[in-house]
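S.K.:
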Amino acid sequence: MFNRILVFIFSFLVLLVSISSCKSDGNADTTAPLLISSNPADGATAVDPKATISFNYNDNIVLSPSAPILLNGVAVTGAVSAQTLTISATLQSGTTYTLIIPANAVSDVSGNYAKEIKITFTTTGNPVDGVFEAEKAAISGDAAIATALAGYSGTGYVNTNTGSVTFTVQAATAGYYDLNFRYSTSGNKKVNDLYLDGVKLSSLTFEAVNAWTILSAGKVKLSVGQHTIAIVKNWGYVQLDYMTAAYNAAGIGAFNIASSLVTPGASTQAMNLYNYLKNNFGTNIISGTMANHSTNITEATWVYNNTGKWPALTGFDLIDHTNPNQSWVKYSAPFTLGQEWWNNNGIVAMTWHWRDPLTKSGSFYVPSAATSPDTGTTFDITKVSDPTSAEYKAMIVDIDVIAGYLKQFKDAGIPVIWRPLHEAAGGWFWWGAKGAEPCKALWKLMFDRLVNVHGLNNLIWVWTTDASADAVNWYPGDAYVDVLGMDIYPGANQHGSQYISFLKVKELFGGKKLITLSECGSTPDPALMKEYGDTWSWFMPWNGDYTESDSHNGVTWWKKFFSYDYVITRDKMPNLK
C-alpha cells in the first residue's frame, strides 16, 4: 500500500511539472520593449545642441537595419548597448526637431517590436547667427540629399526636384533678418517660392549657374520665437546647399525719393500728381483697376457697382493703336474716358502691349511664349542700334503714332502714368527677347523721342522691374525713370504681404524711386502692407478674373480694401489741376 502511495505521489508531481512546462511553452515571451525615458524628453524646449540623443527601454533591445530612424525627415544612424539606443546626429542651434523611430525598428531579443516613438524638441541658441544646412532641414516630396556636385558645405546638399525644403529657426530678437541661400541650378534659370510659416512671401529667381552661388533673397520679418522658412517648387528644381539668416539691426532704412520728375520742364499737373504720390508714399495706398480689353472702364465700373466707390486710378492699354484704320479699335476711347476720369479727380495710367512694329497687327509675345509658336513674333529689337534698318524705322513710326495719342492728354492738361516695355526681363515680349542692352537702348530712344521730339512733358515714367539680382542690369537709369513698378501674380487667394520683393527692390535701387504694384493678381491685404512695410504707391489688379473673381479679389476683398481709411478711392482724391 505504501509503495502504491509513493508511486501515486511521484506520478502526480510529474504531472504537475508537465503541466507547468506546457504552460511555459504556450506563454513564450510576447511582450514588446517599452520606452522608459528619452533624452531629450518629448516637448523639451531648451536642449543643448551638443546633447546626445538616447532612448532607454525596459529590456535589452535589437535595432533593425531595414527601418530608418528619421530626424526632420532625414535618416540618421543609431547604436544599441543593452537597453539603450543612441542616435548619431549633429544638431543646430535654435532649431525644432521631430525624431521618429518607426514601429519596425526596435525589438527585444525575441523579436517583439516596440511601438513607434515620436518626439519633438527645440535646441537653444539663436539660429539666425548661423548656417542652416539643407541636408539637415525637413525635406518633402521627392526632394533628396545628394553629394555629386562638389564643393558643398556640411555633409551634402538637397536636390529639390518637385519637393520642398523647410528650415526651422528660432528668432531671439524681433525684427528684420537678411536671408541668403547657397545654390546651383545646373546652368538653367529657375524660380521657386519662398514661404514663411506656411504663407507664401515671394517668388525667388535662381539664376542660371553651374557653380555654387549665393542668392540674397532679401529681408524677412520675424517675431520672437519659432518659425519655418521653406523653398517650394514653382518652376524648375535647384540644388540647395544651405540657408543663412542674420538679424539686421538697421532694419529697412528710409527712402530718399527724387524731388523732381525726370522730364525737364514737367507740366504743372504732372508735378502735382508726382508730389501727391510722394506725399502719400509709405502712408496711404492708392487703389486702381485695369481696363477690360484695353479701352474701357468696365472693371472700375464693376468695382463701383459692388462697393459704392470708384478706384482712384484707372489703366488703359494702347495695344492696338499702332494698327491703323481698324473699325473694331476704339482709338478715341482712352482719351475720352481718361479725360472724364481726370475731371473727376482720378488718375490716368497707360500701358502699351506693343505689337510687332513691322506687321502692326502681329504678336508682342515671342514664339516660345505665344499660344502657339507660329503666332509669336521674331521681331529683332537689336536693330534699335541700326537707324537704317526696317525694324528701327518701324519702331520710330509706332512711337510717333503713340505720341499723337499721348499728346491729346498733354494738350488737355492731363498727366499720364506711362508704363511701356513692361516685364522686359521675363523675355516673353519681343522687347526683352534679346537681353538687357537693346531693351535699355529702346527705352532711351523712346524717352528722347517722346520728350525731346514731341515735347511730351506730362508723362510719369514707370519701369517694371523684378527683384532678381540681375534686375539692375536691365534698368535704364535714374535719369529715365520716375517710378519702379512690379507685376506680381502670387496665385489664387494669396493676399499675404509682398514685402520681400518690395524691400529687395528698394535695396537694389537705393530707395530713390517710388515703388508700385503696377500689375497684380490677388492683391496683398493693405493691413499687412502696413504691418510689414510694403506700402506700395498704388495697386492695380489685372482685368477679368483678377479683378472680379473671388479666387483672386472679388467683391468681398474690394469691400475690405476700401474699408481701410488709408486706401485711397477716387472720392478721396484732391484736385490736382
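With our numbering, letter number 268 in the sequence shown gets 489, and the count goes up by one each step, no holes.
Cβ coordinates follow ideal geometry from the N, Cα and C atoms, glycine included.
Could you work out which residue in K734, L498, M511, A438 is closest to V412 when comparing CA atoms only?
M.R.: Counting from 1 along the sequence shown, the entry for residue 412 is found at position 191. Out of K734, L498, M511, A438, A438 has the C-alpha closest to the C-alpha of V412.
S.K.: Excluding the five sequence neighbours on either side, which residues of its own chain have a C-beta within less than 6 Å of the C-beta of M571, listed in chain order?
M.R.: Within the sequence shown, the letter at position 350 stands for residue 571. Closer than 6 Å at Cβ, skipping near neighbours: F537, V637, W639.
S.K.: Taking DSSP's pairing of strands, which residues face H773 in a bridge?
M.R.: For the purposes of this step, residue 773 is identified with residue 552 of the sequence shown, where counting begins at 1. In the DSSP output, where bridge partners are listed per residue, H773 has none listed.
S.K.: Output the distance between the C-alpha atoms of K289 and G315, rounded to the nearest integer angstrom.
M.R.: Position 68 of the sequence shown, counted from the first residue, corresponds to residue 289. Position 94 of the sequence shown, counted from the first residue, corresponds to residue 315. Correcting the residue type first, residue 289 is Pro in the shown sequence and not Lys. Cα to Cα, P289 sits roughly 25 Å from G315.
S.K.: What does a CB cutoff of less than 6 Å around Y416 pick up in its chain, not counting 5 residues either side in sequence?
M.R.: Locating residue 416 in the sequence shown gives position 195, where the first residue counts as 1. Excluding positions up to five away in sequence, the list reads A451, V453.
S.K.: Would you check if the distance between the CB atom of A395 and the CB atom of S444 is smaller than 8 Å?
M.R.: Indexing the sequence shown from 1 puts residue 395 at position 174. Indexing the sequence shown from 1 puts residue 444 at position 223. The answer is yes: Cβ separation under 8 Å.
S.K.: Going by DSSP in three states, P594 sits in which element: helix, strand or coil?
M.R.: Numbered from 1 along the sequence shown, position 373 holds the residue referred to as residue 594. Helix at P594.
S.K.: Would you mind sorting K733 into buried or exposed? The rule is 16 or more other CB atoms within 10 Å of its CB.
M.R.: The residue you call residue 733 lines up with position 512 of the sequence shown. K733 comes out exposed.
S.K.: Determine the contact status of W300 and T311, defining contact as a CB-CB distance below 8 Å.
M.R.: In the sequence shown, residue 300 corresponds to position 79, counting from 1. In the sequence shown, residue 311 corresponds to position 90, counting from 1. Checking the sequence, you will find Ala at residue 300 rather than Trp. The answer is no: Cβ separation not under 8 Å.
S.K.: Please identify the residue among K781, T768, Y787 whose C-alpha is closest to the C-alpha of A521.
M.R.: Position 300 of the sequence shown, counted from the start, is the residue given in the question as residue 521. Considering only alpha carbons, the answer is T768.
S.K.: DSSP has L436 in a bridge; who is on the other side?
M.R.: For the purposes of this step, residue 436 is taken as the residue at position 215 of the sequence shown. DSSP lists F402 as partners of L436.
S.K.: In the DSSP assignment, find the alpha helix (DSSP H) that holds M761 and state where it starts and stops.
M.R.: Here residue 761 corresponds to residue number 540 of the sequence shown, with the count starting at 1. From DSSP, M761 is part of no alpha helix (DSSP H) but of the beta strand (DSSP E) over 759-762.
S.K.: For P659 versus V693, is the C-beta spacing smaller than 8 Å?
M.R.: Residue numbering aside, residue 659 sits at position 438 when the sequence shown is read from its first letter. Residue numbering aside, residue 693 sits at position 472 when the sequence shown is read from its first letter. For P659 and V693, no; Cβs fall outside 8 Å.
S.K.: Could you give the DSSP three-state label for C243: helix, strand or coil?
M.R.: As a position in the sequence shown, residue 243 is number 22, starting the count at 1. Below a pLDDT of 50, predicted positions are generally treated as unreliable, and C243, at 42, falls in that range; the measurement from the model is reported next regardless. It is helical.
S.K.: By the DSSP assignment, the beta strand (DSSP E) with F388 in it spans what residues?
M.R.: Taking the sequence shown and counting its residues from 1, one reaches residue 388 at position 167. Looking at the DSSP string, the run of the beta strand (DSSP E) that includes F388 is 385-392.
S.K.: For the stretch 562-641, list the alpha helix (DSSP H) runs that are entirely contained and at least 4 residues long, ordered along the chain.
M.R.: 611-632
S.K.: In terms of residues, what are the limits of the alpha helix (DSSP H) holding E658?
M.R.: Sequence index remark: in the sequence shown, residue 658 carries index 437 (1-based). First-last of the alpha helix (DSSP H) with E658: 657-668.
S.K.: For G294 and G377, what's the separation of their Cα atoms in angstroms?
M.R.: By one-based count along the sequence shown, residue 294 stands at place 73. By one-based count along the sequence shown, residue 377 stands at place 156. Cα to Cα, the separation comes out at about 15 Å.
S.K.: Can you tell me which residues form a DSSP beta bridge with Y497?
M.R.: Stepping through the sequence shown from its first residue, residue 497 is reached at position 276. Y497 pairs with nothing; no bridge assigned.
S.K.: I need the straight-line Cα distance from V268 to N469, nearest angstrom please.
M.R.: Taking the first residue of the sequence shown as 1, we reach residue 268 at position 47. Taking the first residue of the sequence shown as 1, we reach residue 469 at position 248. Approximately 26 Å, taken between the alpha carbons.
S.K.: Could you have a look at W778 and say whether DSSP puts it in helix, strand or coil?
M.R.: By one-based count along the sequence shown, residue 778 stands at place 557. It is helical.
S.K.: Beta-carbon within less than 6 Å of D250's beta-carbon, same chain only, minus the 5 sequence neighbours each way: which residues are those?
M.R.: For the purposes of this step, residue 250 is taken as residue 29 along the sequence shown, with counting starting at 1. So the list reads S331, once near-sequence residues are dropped.
S.K.: Determine the closest residue to G559 out of A466, T790, A392, L627, with distance taken between C-alpha atoms.
M.R.: Indexing the sequence shown from 1 puts residue 559 at position 338. Closest by alpha carbon: L627.
S.K.: What are the boundary residues of the alpha helix (DSSP H) that Y753 is part of?
M.R.: Locating residue 753 in the sequence shown gives position 532, where the first residue counts as 1. It spans 747-753 - the alpha helix (DSSP H) in which Y753 sits, taken as one unbroken run.
S.K.: Jot down the residue ranges of each uninterrupted beta strand (DSSP E) in the stretch 329-354, minimum 3 residues, whole runs only, in chain order.
M.R.: 338-343, 352-354
S.K.: Look at the alpha carbon of S809 and the alpha carbon of F388, and state the distance between them as a whole number of angstroms.
M.R.: Examination of residue 809 is not possible in this model, given that the chain is present from 222 through 798 alone.
S.K.: For the alpha helix (DSSP H) that N527 lies in, which residues bound it at each end?
M.R.: Taking the sequence shown and counting its residues from 1, one reaches residue 527 at position 306. Segment 519-528, the alpha helix (DSSP H) holding N527.
S.K.: Which residues does DSSP list as the beta-bridge partners of K442?
M.R.: Stepping through the sequence shown from its first residue, residue 442 is reached at position 221. Y397.
S.K.: Looking at the secondary structure, which residues open and close the beta strand (DSSP E) in which A365 lies?
M.R.: Here residue 365 corresponds to residue number 144 of the sequence shown, with the count starting at 1. Start and end: 365-367.
S.K.: Note down, in chain order, each residue of its chain lying with its Cβ closer than 8 Å to the Cβ of E356, except the 5 sequence neighbours on either side.
M.R.: Residue 356 sits at position 135 when you count from the first residue of the sequence shown. The residues are V295, I366, G375, T376, G377, Y378, V379.
S.K.: Could you please give me the residues that DSSP links to P188 through a beta bridge?
M.R.: Absent from the structure is residue 188, since the part of the chain shown begins at 222 and ends at 798.
S.K.: Would you mind stating whether S309 and T317 have Cβ atoms separated by less than 8 Å?
M.R.: By one-based count along the sequence shown, residue 309 stands at place 88. By one-based count along the sequence shown, residue 317 stands at place 96. It is not a contact, given that the beta carbons lie outside the stated cut-off.
S.K.: Report the partner residues of F276 according to the DSSP bridge assignment.
M.R.: One-based indexing of the sequence shown puts residue 276 at position 55. S259, L306, per the DSSP bridge assignment.
S.K.: Just the Cα atoms here: how many angstroms apart are Y495 and W664?
M.R.: Counting from one through the sequence shown, the residue named residue 495 turns up at place 274. Counting from one through the sequence shown, the residue named residue 664 turns up at place 443. Our two residues, Y495 and W664, have alpha carbons roughly 21 Å apart in a direct line.
S.K.: Once the 5 residues before and after V788 are set aside, which same chain residues still bring their CB inside 6 Å of it?
M.R.: Position 567 of the sequence shown, counted from the first residue, corresponds to residue 788. Excluding residues within five positions, the ones whose Cβ falls inside 6 Å are I506, S508, P747, F782.
S.K.: Compare the C-alpha of A371 against each of Y398, E354, W433, G384 and name the closest.
M.R.: Mapped onto the sequence shown, residue 371 falls at position 150. Of the candidates Y398, E354, W433, G384, the one whose C-alpha sits nearest the C-alpha of A371 is W433.
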